[in-house]
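Residue numbers (my numbering): 492 to 612.
Idealized CB from N, CA, C, for every residue including glycine.
These notes concern the structure reproduced below.
Below you can see the structure in the form of structure tokens.
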């Protein structure tokens, strides 16, 4: 579930809503830290969740105004198996190649389009 502001910026009113999803998989689980970023560069926000040592991608297959997220139980792949990061990470295009990369503490994981490769800090 998530909370939508149905009020205004100055007078927020949060309403609990069911999470719009497609597929029967479970979410990342306990200790999940979601971030919104346009991972697939299609103009809408996708949900990227770090949970324990993995990153999960839930692509928005809906629209900006009516999102719907595909559920995939598998963590993002990387050169060493799965993309492993801490809880507090940032998603940005570090090398200006149009792909969202992962910055975690002193480490940058570059999105190569098919997997993530790590540049140690």
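Does DSSP put residue i in a helix, a strand or coil?
i	result
residue 494	strand
residue 535	coil
residue 584	coil
residue 551	strand
residue 562	coil
residue 509	coil
residue 526	strand
Which word fits residue i, buried or exposed, when buried means at least 16 other C-beta atoms lie within 10 angstroms of its C-beta?
i	result
residue 600	buried
residue 587	exposed
residue 541	buried
residue 551	buried
residue 567	buried
residue 593	buried
residue 558	buried
residue 597	exposed
residue 595	buried
residue 547	buried
Who pairs with residue i in a beta bridge, going by DSSP?
i	result
residue 598	595
residue 557	Looking at the DSSP assignment, residue 557 forms no beta bridge with any residue, so it has no partner.
residue 504	For residue 504, which the question treats as bridged, DSSP gives no partner whatsoever.
Report yes if the CB atom of residue i is closer than 8 Å to the CB atom of residue j, and no otherwise.
i	j	result
residue 549	residue 536	no
residue 502	residue 534	no
Tell me, please, whether the CB atom of residue i is closer than 8 Å to any CB atom in chain D?
i	result
residue 591	Going by chain labels, chain D is absent from the structure shown, which holds only one protein chain.
Measure how close the beta-carbons of residue i and residue j come, nearest whole angstrom, since I'm counting them as under 8 Å.
i	j	result
residue 602	residue 583	10 Å between Cβ atoms; not a contact.
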